[in-house]
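J.: Position 159, counted from 1, in the sequence shown is what our numbering calls 1275; the numbers after and before it change by one each time, with no gaps. Got a structure for you, questions after.
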Amino acid sequence: MTTEQKVIVVTGAGGGMGKAIIEEQLKQGNLVVGLDLSVTTLSGLTHEALQCFEVNVLQEERVNDICQQVFEKYGRIDGLVNALGIAQAATPIEQVTMDEWNRLMDVNVKSLFITAKAVVPFMKKQQKGSIITIASISAVRPRPGLQAYIASKGAAESFTRGLAIELAPNQIRVNTIHPGPADTQMLGQFAAQGADVEQTKQSVFVQSVPLGRLVKPSDIAGAVSYLLSDAASMVTGTTLHVDGGRGL
Ligand SMILES: NC(=O)c1ccc[n+]([C@@H]2O[C@H](COP(=O)([O-])OP(=O)(O)OC[C@H]3O[C@@H](n4cnc5c(N)ncnc54)[C@H](O)[C@@H]3O)[C@@H](O)[C@H]2O)c1
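Structure representation (structure tokens):
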């Protein structure tokens, strides 16, 4: 490990955005630790600087153990990128079950508490760090039927701001990225049950982006890269919209 190399923990590593974030970080020469329920999508990415763990990020003890192992191995954790998440199929509120609400809140919000709590002690030791959460532009530009998902993403943004003010004295920066509709397997999951997914992507999602196309995972990887870098050393508590203008 060289002094310039950063150690970055990425959750949702096997997802569309997670994989692109990892590829970009490896390209930059950083060391990456990827966490996901499944990392099979990363099987083609055999790289000595990448270590993957198949783990449910809601298992607090396992996440703590992994972060402890990472710190013992490399002596630092520079970045945490929360790129995990689950979608909600557009559903009227009266049909949304308590289980669905709880699951969205657990995966999209509680996981952020667990991962931040796991890395912050190490970042405090080094008095430096960058935490980034991928939330969603839907938190501020909602669509009907996604009430639980939207609430979870609003909570993610508020949690970021709360942590940013708390951790600023430790030089730990905490930021949110709000993607617009993005070209990953998750997008189709927002369609209402029974809807034509491909047609919904075109007629609803692409149409809603002023710049005229879906967000690519590489667009998000670029924004993550900036927020992890020293070029963003005075950026904290902010939300970067990478949405082709969808939030306007
Ligand atoms: N795709 C979009 O249109 C879009 C738009 C705005 C925001 N987002 C957000 O961007 C983030 C990344 O989404 P994506 O499009 O890459 O989706 P994706 O479905 O491709 O990836 C999400 C990943 O999270 C993992 N995951 C889910 N629950 C987990 C858990 N408990 N423990 C560990 N891993 C878990 C999944 O296995 C999956 O690999 C999510 O937070 C999503 O809500 C997506």
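Glycine residues also receive a C-beta, built at the ideal position from the N, C-alpha and C atoms.
Taking all protein chains shown into account, decide if V1313 is buried (16 or more other Cβ within 10 angstroms of its Cβ) or exposed.
T.: As a position in the sequence shown, residue 1313 is number 197, starting the count at 1. Its Cβ having fewer than 16 others within 10 Å, V1313 is exposed.
J.: Whether or not the segment 1296-1312 and the segment 1203-1218 are in contact is what I'm after, with contact meaning three or more pairs of Cβ atoms, one per stretch, closer than 8 Å; do they touch?
T.: yes
J.: Rounded C-beta distance between V1155 and G1130? I'm assuming under 8 Å.
T.: Here residue 1155 refers to the residue found at position 39 when the sequence shown is read from its first residue. Here residue 1130 refers to the residue found at position 14 when the sequence shown is read from its first residue. That belief holds up - the Cβ atoms of V1155 and G1130 are roughly 5 Å apart, short of 8 Å.
J.: What span of residues does the alpha helix (DSSP H) with N1198 cover, start to end?
T.: Taking the sequence shown and counting its residues from 1, the one referred to as residue 1198 is at position 82. Taken as a continuous stretch (DSSP letters only), N1198 belongs to no alpha helix (DSSP H), being part of the beta strand (DSSP E) at 1195-1198.
J.: Given 8 Å as the limit, tell me if P1237 has its C-beta closer than that to any heavy atom belonging to ligand 3.
T.: As far as ligands go, the structure on display features ligand 1 and does not contain ligand 3.
J.: Do A1199 and I1288 have their CB atoms nearer than 9 Å?
T.: Counted from its first residue, the sequence shown places residue 1199 at position 83. Counted from its first residue, the sequence shown places residue 1288 at position 172. No, these two residues do not count as a Cβ contact at 9 Å.
J.: Excluding sequence positions up to five away, which residues of its chain have a Cβ less than 8 Å from the Cβ of G1132?
T.: The residue given as residue 1132 occupies position 16 in the sequence shown. For G1132, where only same-chain residues beyond five positions count, the Cβ hits under 8 Å are A1298, D1299, T1300, Q1301, M1302, P1333.
J.: For chain D, is any of its Cβ atoms less than 9 Å away from the one on A1272?
T.: Going by chain labels, chain D is absent from the structure shown, which holds only one protein chain.
J.: Give me the residue from K1240, E1177, A1307, V1197 with the minimum Cα distance to L1283.
T.: Mapped onto the sequence shown, residue 1283 falls at position 167. Ranked by Cα distance from L1283, the first of K1240, E1177, A1307, V1197 is K1240.
J.: Only counting the same chain, and skipping five residues up and downstream in sequence, which positions put a Cβ closer than 6 Å to that of Q1263?
T.: Residue mapping note: residue 1263 aligns to position 147 of the sequence shown, counting from 1. Excluding positions up to five away in sequence, the list reads I1209.
J.: Are the beta-carbon atoms belonging to N1224 and S1268 less than 9 Å from one another?
T.: In the sequence shown, counting from the first residue as 1, residue 1224 sits at position 108. In the sequence shown, counting from the first residue as 1, residue 1268 sits at position 152. Cβ distance < 9 Å, so N1224 and S1268 count as in contact.
J.: Give every residue of the same chain whose Cβ lies closer than 6 Å to the Cβ of T1207, excluding the five residues on either side of it in the sequence, and list them in chain order.
T.: The residue labelled residue 1207 in the question sits at position 91 within the sequence shown. Only G1261 meet the Cβ criterion.
J.: In whole angstroms, what is the alpha-carbon distance linking Q1185 and T1352?
T.: For the purposes of this step, residue 1185 is taken as the residue at position 69 of the sequence shown. For the purposes of this step, residue 1352 is taken as the residue at position 236 of the sequence shown. Cα to Cα, the separation comes out at about 27 Å.
J.: Got a sec? Which residues, its chain only, sit under 6 Å from V1123 by beta carbon, not counting five neighbours each side?
T.: Indexing the sequence shown from 1 puts residue 1123 at position 7. Result list for V1123: L1147, Y1190, R1192, I1193, D1194, in chain order.
J.: Give the DSSP-derived three-state secondary structure of Q1367 in the structure shown.
T.: A query on residue 1367 cannot be resolved here, the shown segment of the chain reaching from 1117 to 1364 and no further.
J.: Output needed for L1161: all residues of its chain with C-beta closer than 8 Å, excluding positions within five of it in sequence on either side, in chain order.
T.: Residue numbering aside, residue 1161 sits at position 45 when the sequence shown is read from its first letter. Correct list, in chain order: K1135, I1138, E1139, L1142.
J.: Checking 9 Å against the spacing of the C-beta atoms, do S1252 and P1295 come in under that value?
T.: Residue mapping note: residue 1252 aligns to position 136 of the sequence shown, counting from 1. Residue mapping note: residue 1295 aligns to position 179 of the sequence shown, counting from 1. In this structure, P1295 lies closer than 9 Å to S1252 by Cβ.
J.: From L1364 to M1350, what distance separates their C-alpha atoms?
T.: As a first step, residue 1364 must be located in the sequence shown, where it is residue number 248. As a first step, residue 1350 must be located in the sequence shown, where it is residue number 234. Cα-Cα distance, rounded: 25 Å.
J.: Ends of the beta strand (DSSP E) at T1292?
T.: Along the sequence shown, one-based indexing puts residue 1292 at 176. Note, T1292: beta strand (DSSP E), 1288-1295.
J.: Which residues mark the beginning and the end of the beta strand (DSSP E) in which V1325 is found?
T.: Numbered from 1 along the sequence shown, position 209 holds the residue referred to as residue 1325. That residue, V1325, is in no beta strand (DSSP E); it is neither H nor E in DSSP.
J.: Less than 9 Å separating the beta-carbons of L1151 and V1179?
T.: Indexing the sequence shown from 1 puts residue 1151 at position 35. Indexing the sequence shown from 1 puts residue 1179 at position 63. Closer than 9 Å, so yes.
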